[in-house]
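Enquirer:
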Amino acid sequence: MKASEIMTRDVMTVWEGSTVEDAARLMARHRISGLPVVNQQSMLVGLISEHDLISKTGHLVSEIMTRGVISVAPDTEVEQISHLLTNQRIRRVPVVDHGKVVGVVSRSDLVRQIAMRWVCDVCGEIVRGQDAPDHCPRCGAPANAFTHSVVPPGM
Numbered sequence: 005m006k007a008s009e010i011m012t013r014d015v016m017t018v019w020e021g022s023t024v025e026d027a028a029r030l031m032a033r034h035r036i037s038g039l040p041v042v043n044q045q046s047m048l049v050g051l052i053s054e055h056d057l058i059s060k061t062g063h064l065v066s067e068i069m070t071r072g073v074i075s076v077a078p079d080t081e082v083e084q085i086s087h088l089l090t091n092q093r094i095r096r097v098p099v100v101d102h103g104k105v106v107g108v109v110s111r112s113d114l115v116r117q118i119a120m121r122w123v124c125d126v127c128g129e130i131v132r133g134q135d136a137p138d139h140c141p142r143c144g145a146p147a148n149a150f151t152h153s154v155v156p157p158g159m
């Protein structure tokens, strides 16, 4: 599974020249804990998080944002993203295509992906969805042949 399959696509971003107060309002209004920061060409230049807002001082987003953001491509494997989030102790990773933000994968996206994975005990086919499928699309096994599978982060 790839980043493009589980990422949040409607990503809110903030311009690097915005005020810290504007970024805080946007985060509070939409109940999000971090925003990708873009320049005038809409290229990713940083990330601003709740931590940045409460631990740093400055007037503009560019003064307090975290630079050197870890990002991934749309075709990055979910297992690699899980490894990044756990080992780098970050909560989200922007998905970037040619320097522009096309999505974000957060810990909650990974949790949703785990919750939607069912494995056929007969043939090993993986089916995604909140409820167990009626039958296996590969071997035709009935719904009771499926088990909910949990893959530990970083595996």
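Residue numbers (our numbering): 5 to 159.
Just so you know, even glycine gets a beta-carbon here, dropped at the ideal spot from N, CA and C.
#1: In chain order, what residues of the same chain lie with their CB nearer than 8 Å to the CB of His-34, ignoring the 5 residues before and after it?
#2: Provide the residue(s) that pair with Ile-130 in DSSP beta bridges, ordered along the chain.
#3: Is any heavy atom of the ligand SAH found at a distance shorter than 7 Å from the C-beta of Cys-143?
#4: How far does the alpha helix (DSSP H) with Leu-89 in it extend, from its first residue to its last?
#5: If I follow the unbroken beta strand (DSSP E) through Asp-101, where does it start and stop?
#6: What three-state label does DSSP hand His-55 in the structure shown?
#7: How do the stretch 20-38 and the stretch 47-55 stand: do at least 3 beta-carbon pairs fall below 8 Å, yes or no?
#8: What does a CB cutoff of less than 7 Å around Asp-113 pick up in its chain, not counting 5 residues either side in sequence?
#9: Determine the extent of the alpha helix (DSSP H) in which Leu-64 is found, giving its start and end residues.
#10: Quick check on the DSSP output: the beta strand (DSSP E) that includes Val-109 runs from which residue to which?
Expert: Reading it off the structure:
#1: For the purposes of this step, residue 34 is taken as residue 30 along the sequence shown, with counting starting at 1. Hits under 8 Å: Met-16.
#2: As a first step, residue 130 is located in the sequence shown; it is residue number 126 there, counting from the start. Under DSSP, Ile-130 takes part in a beta bridge, and its partners are Val-123.
#3: This structure lacks the ligand SAH, and indeed carries no ligand of any kind.
#4: Counting from one through the sequence shown, the residue named residue 89 turns up at place 85. The continuous alpha helix (DSSP H) containing Leu-89 extends over residues 82-91.
#5: For the purposes of this step, residue 101 is identified with residue 97 of the sequence shown, where counting begins at 1. Counting along the chain, the beta strand (DSSP E) containing Asp-101 begins and ends at 96-101.
#6: For the purposes of this step, residue 55 is taken as the residue at position 51 of the sequence shown. Per DSSP, reduced to three states, the secondary structure at His-55 is helical.
#7: Yes, since at least three Cβ pairs between the stretch 20-38 and the stretch 47-55 fall closer than 8 Å, the two stretches touch.
#8: Walking along the sequence shown from the start, residue 113 turns up at place 109. Excluding positions up to five away in sequence, the list reads Ile-10, Met-11, Thr-12.
#9: The residue labelled residue 64 in the question sits at position 60 within the sequence shown. Run containing Leu-64: none; DSSP gives neither H nor E here.
#10: Here residue 109 is taken as the residue at index 105 of the sequence shown, counted from 1. Taken as a continuous stretch (DSSP letters only), the beta strand (DSSP E) holding Val-109 covers 104-110.
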